[in-house]
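To start, the structure under review is shown below, and the notes come after it.
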Amino acid sequence: MRTRNILAGALCVASAAFVQNTNAQIGTPFIHDPSTIMECNGKYYTFGTGGGGLISEDGWTWNGGAERPGGGAAPDAIKIGDRYLIAYSTTGGGLGGGHAGKVVTMWNKTLDPKSPDFKFTDPIEVGGSEYDEDCDAIDAGLLLDPTDGRLWLSYGTYFGFIRLIELDPKTGKRVEGNKAIDVAIDCEATDLIYRNGWYYLLGTHGTCCDGANSTYNIVCGRSRKVTGPYVDNVGRDMIHGGGKMVVDAEDRRFGAGHFGREIITDGIEKMSFHFEADLDMSGYSTLAIRPIVWKNDWPTVG
Numbered sequence: 055m056r057t058r059n060i061l062a063g064a065l066c067v068a069s070a071a072f073v074q075n076t077n078a079q080i081g082t083p084f085i086h087d088p089s090t091i092m093e094c095n096g097k098y099y100t101f102g103t104g105g106g107g108l109i110s111e112d113g114w115t116w117n118g119g120a121e122r123p124g125g126g127a128a129p130d131a132i133k134i135g136d137r138y139l140i141a142y143s144t145t146g147g148g149l150g151g152g153h154a155g156k157v158v159t160m161w162n163k164t165l166d167p168k169s170p171d172f173k174f175t176d177p178i179e180v181g182g183s184e185y186d187e188d189c190d191a192i193d194a195g196l197l198l199d200p201t202d203g204r205l206w207l208s209y210g211t212y213f214g215f216i217r218l219i220e221l222d223p224k225t226g227k228r229v230e231g232n233k234a235i236d237v238a239i240d241c242e243a244t245d246l247i248y249r250n251g252w253y254y255l256l257g258t259h260g261t262c263c264d265g266a267n268s269t270y271n272i273v274c275g276r277s278r279k280v281t282g283p284y285v286d287n288v289g290r291d292m293i294h295g296g297g298k299m300v301v302d303a304e305d306r307r308f309g310a311g312h313f314g315r316e317i318i319t320d321g322i323e324k325m326s327f328h329f330e331a332d333l334d335m336s337g338y339s340t341l342a343i344r345p346i347v348w349k350n351d352w353p354t355v356g
C-alpha cells in the first residue's frame, strides 16, 4: 500500500486528464497489487506483483512497460529526494498457508526504463518471516513522515499480524536496533498516510484471487502516533480487527484492495487500488483510481 507529493509544475496539463472521470481506466490497465502511483519526468508509474507494471502519460490511459527486477509480490514505491525507493516481497509457503519470505528495498534514480540513468541497486533485506512466525513478510507499504522525515514500512497479511518497522531514509536499510510493532490483524495490503495531525492505517479485508467472488474491501483506522493504536470511527482497535469502510465493490467491479494515495495540484487527492475482477475488462484484475473525499477527518471514496 503513503502520502506522495507530486510537483505541480510537472502536472499542469496531466492533472486535468487525471481527474476527468471516476470510471474505469482505459488502455490495458491490468495489474494485481499495484504500488502507489509515482510521477517521473511527466509520466506516471505503478508496479505490481510478479514484476513489471504500468505506465501512463496522462494518468488515465495505462499500458504495460514499467520495469522492476526481482519478481516477487506486492511492491510499493516512494520518492525521497531525487531517488525512488521500491519495496517488495520475495515469498514462499508459510504458516497456515501464508507467505514466508523477505521484504526488500532497492533504489533507482529514475523509473523510466529508457533512461540511461535507469539502474536498480541490489536489494536490501529489511524484514522477514519464518515458517512458524505469526506474521507474513509481504504487502509492503511505505510512509515518509512529513512531520519529522522518518521512514516507516508496514507489512503482513491475514496469516498473522500487520507489523511496522522503521527504515533509514538515506539508505533504505532498517534502522539498527529497530523492533517491529504489531499494529493490526485480520487484514493485509496495508498502507500508511498522514493528514491533519492524524496517521491513517489502511488495510484490505476480505478474500482475494477468486475473480468476481473476491470480497476484498479497504478499511482504515487512525491514530495521533504513527506507531498506533489505530482505531476506527466506532472505537474498535485494528489490532482487534477493527476498521472503517473506505471502498468496496461497485457496479461490475469486485474486490477492491491495495490502497495508495496521491496528492496532485492544489491539494487534489486521489486513491489508487485494484479491483480483483472487472467484468467490463473480461474479468481481469485492473487498476482503479478514484477521488478521496474527507468527512470528519475520515477518508471515503468520491
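Heads up, the sequence shown is in my numbering, so the first residue is 55 and it goes up one at a time. Glycine residues also receive a C-beta, built at the ideal position from the N, C-alpha and C atoms. Note that the coordinates shown come from a computational prediction; the quantities given were computed from them, not determined experimentally.
In the structure shown, isoleucine 134 falls within a strand segment according to DSSP collapsed to helix, strand and coil. Between the region 309 to 318 and the region 284 to 296, the count of Cβ pairs shorter than 8 Å is below three; the stretches do not touch. With respect to alanine 238, leucine 221 sits apart: the two C-beta atoms are not nearer than 9 Å. Alanine 310 carries a strand assignment under DSSP once its states are collapsed to helix, strand and coil. Per DSSP, reduced to three states, the secondary structure at leucine 165 is coil, with no helix or strand assignment. Of all C-beta pairs linking the region 166 to 179 to the region 198 to 208, fewer than three are shorter than 8 Å, placing the two stretches out of contact.
Per DSSP, reduced to three states, the secondary structure at asparagine 267 is helical. For cysteine 94, the enclosing beta strand (DSSP E) covers residues 92 to 94. Under the DSSP assignment, aspartate 236 falls in the beta strand (DSSP E) whose first and last residues are 235 to 239.
Take proline 88, set aside five residues on each side of it, and the residues of its chain with a beta-carbon closer than 8 Å to its own are Thr100, Phe101, Gly102, Gly107, Leu108, His312, Gly314, Ser326, Phe327, His328 and Leu341, in chain order. The beta-bridge partner set that DSSP reports for histidine 328 consists of Gly311 and Leu341.
Beta-bridge analysis with DSSP links leucine 333 to no other residue. Separation of aspartate 245 and lysine 97 (C-alpha to C-alpha, rounded to the nearest whole angstrom) is 23 Å.
Where alanine 243 is concerned, the enclosing beta strand (DSSP E) starts and stops at 242 to 249.
In this model, arginine 137 and arginine 122 are separated by some 15 Å (Cα to Cα). Around asparagine 232, the same chain offers Ile219 and Glu220 as residues with beta carbons nearer than 7 Å, after the five sequence neighbours per side are excluded. An exposed status is given to lysine 227, since fewer than 16 other beta-carbon atoms sit within 10 Å of its beta-carbon.
A residue is called buried once 16 or more other Cβ atoms fall within 10 Å of its Cβ, and valine 288, having fewer, is exposed.
If you look at tyrosine 284, you'll find it isn't in any beta strand (DSSP E); DSSP assigns it neither H nor E. As computed with DSSP, lysine 349 is found in a beta bridge with Trp352.
The shortest CA-to-CA distance from lysine 163 to any of Trp116, Asn95 and Ala331 is the one to Asn95. In the three-state reduction of the DSSP assignment, glycine 289 falls in the coil class, being assigned neither a helical nor a strand state.
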